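S.K.: In the working numbering, the protein residues as written are 1 to 338. All residues carry an ideal CB built from backbone N, CA and C; glycine is no exception. Fair warning: this is a prediction, and the values are worked out from it, not measured in the lab. Please read through the structure below; I'll follow up with questions.
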């Protein structure tokens, strides 16, 4: 028979005060008369309808020992629960389980999660990121007249772990529940693209290793130079510090074409809004039915989904630049959530 809820207990208490018998109350509450009798005894002893505290199992650790294990994991966030339990056995004086450590850590809001994988930010790189964002954190929307560009590689049979399958307990290896993919990603397509607040460049497929000369001949001359000639509202060109981009040959060509480049701190893809667009482009291609089976089909799918991206989405990403800069300043040039 189910336990009485808290509001039912208060209702039964009122009926007892009104002089009703336990059997009458039990009939209305659809419970045993002994339940009402024990409730009346509890009210007479404690004056409350709440359950009396139960002793439960004795805690293995004291409050001081709890604080010690919490402090150790706060100092070393990558310390495993089993390692913490083993190191504290001498302090506790008995065997300590990893699950006990996890419960103590969860009590202060520490949960085991996969770590964020960020770039290696040395002290110099953090300093450069901090200086760059401090100069631009107060830029208005009108000052972000920048063409953000980047390259990205897409695999024909990649698997990112975000796809889920509905299966029964023993169907892990059933053919209908297996996502087949090439272990090394199969063939791949490298593309180049650029975005600004009101415009975007065509998506260019790069067939081979990109050198400075090929970057000029296949990207800058056919795409970037005409873009700046057609869109006078875009005044700066952003590119990262990859060798084809920072080569003297590339810098000389951009000066010759009178294209102003925006200085960019090294190892800072999180500051560029176009990085989020590559993720959206990859998701859109993976959601196509049927899936691209050849590299030619993958190229066509990328081109089609690139054109389908709404300009409003690009504008939201570029509007986030002041927030990115403020977040980077707040962390002293460290990692940010973007």
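1) Considering only the beta carbon of each residue, do residue 12 and residue 29 sit closer than 8 Å?
2) Going by CA-CA distance only, name the one from 83, 228, 207, 111 that's closest to residue 254.
3) Return the chain-ordered list of same chain residues with a C-beta closer than 7 Å to the C-beta of residue 317, the five sequence neighbours on each side being excluded.
4) Need the endpoints of the alpha helix (DSSP H) that residue 291 sits in, please.
5) Name, in chain order, the residues that DSSP records as bridge partners for residue 195.
6) Assuming residue 295 and residue 187 make a contact with CB atoms under 8 Å, what is their CB distance in whole Å?
7) From this set, 199, 93, 121, which residue's C-alpha is nearest residue 235's C-alpha?
8) CA-CA distance, residue 203 and residue 319?
9) Using the beta-carbon count (16 or more within 10 Å), is residue 132 buried or exposed?
10) Counting only the same chain and skipping the five closest in sequence on each side, list residues whose C-beta sits under 6 Å from that of residue 25.
11) Distance, Cα to Cα, residue 332 vs residue 130?
12) What number of angstroms, rounded off, separates the C-alpha of residue 339 from the C-alpha of residue 218?
13) In chain order, what residues of the same chain have a beta carbon less than 7 Å from the beta carbon of residue 322, not counting five sequence neighbours either side?
14) Spatial neighbours of residue 284 within its chain, please: C-beta separation below 6 Å, excluding the five flanking residues on both sides.
15) Would you report the Cα separation of residue 326 and residue 143, rounded to the nearest angstrom?
16) According to DSSP, is residue 41 part of a helix, a strand, or is it coil?
17) Are the beta-carbon atoms belonging to residue 148 and residue 194 less than 8 Å from one another?
18) Between the Cα of residue 66 and the Cα atoms of 76, 106, 48, which residue gives the shortest distance?
19) Label residue 78 either buried or exposed according to how many other C-beta atoms from any shown protein chain fall within 10 Å of its C-beta, with 16 as the threshold for buried.
20) Mind pulling the alpha helix (DSSP H) runs of 4 or more residues that sit fully within the segment 310-334?
21) Contact defined as beta carbons within less than 8 Å: I believe residue 113 pairs with residue 81. What is the distance between those atoms, to the nearest angstrom?
22) Hey, out of 230, 328, 167, 243, whose CA is closest to residue 268's CA?
23) With burial defined as no fewer than 16 other Cβ atoms inside 10 Å of the residue's Cβ, what is the status of residue 336: buried or exposed?
24) Is the Cβ-Cβ distance between residue 74 and residue 31 less than 8 Å?
25) Who does residue 206 pair with in a DSSP beta bridge?
26) Suppose only complete runs of 4+ residues qualify. What are the alpha helix (DSSP H) ranges in the segment 55-138, listed by chain order?
27) Who are the near neighbours of residue 260 in its chain, counting only those whose CB is closer than 7 Å to its CB and skipping five residues on each side?
28) Where residue 286 and residue 175 are concerned, what is the direct C-alpha to C-alpha distance, given to the nearest angstrom?
M.R.: Quick answer:
1) yes
2) 228
3) 273, 276, 277
4) First-last for residue 291: undefined, no H or E at that position.
5) 148, 200
6) 5 Å
7) 199
8) 22 Å
9) buried
10) 12, 15, 36
11) 6 Å
12) With the chain represented from 1 up to 338, any question about residue 339 goes unanswered, as that position is not in the structure.
13) 137, 139
14) 305
15) 16 Å
16) helix
17) yes
18) 106
19) exposed
20) 311-319, 321-330
21) So it is not a contact: roughly 13 Å between Cβ atoms.
22) 328
23) buried
24) no
25) 190
26) 63-75, 81-87, 89-92, 98-106, 123-136
27) 235, 236, 237
28) 20 Å
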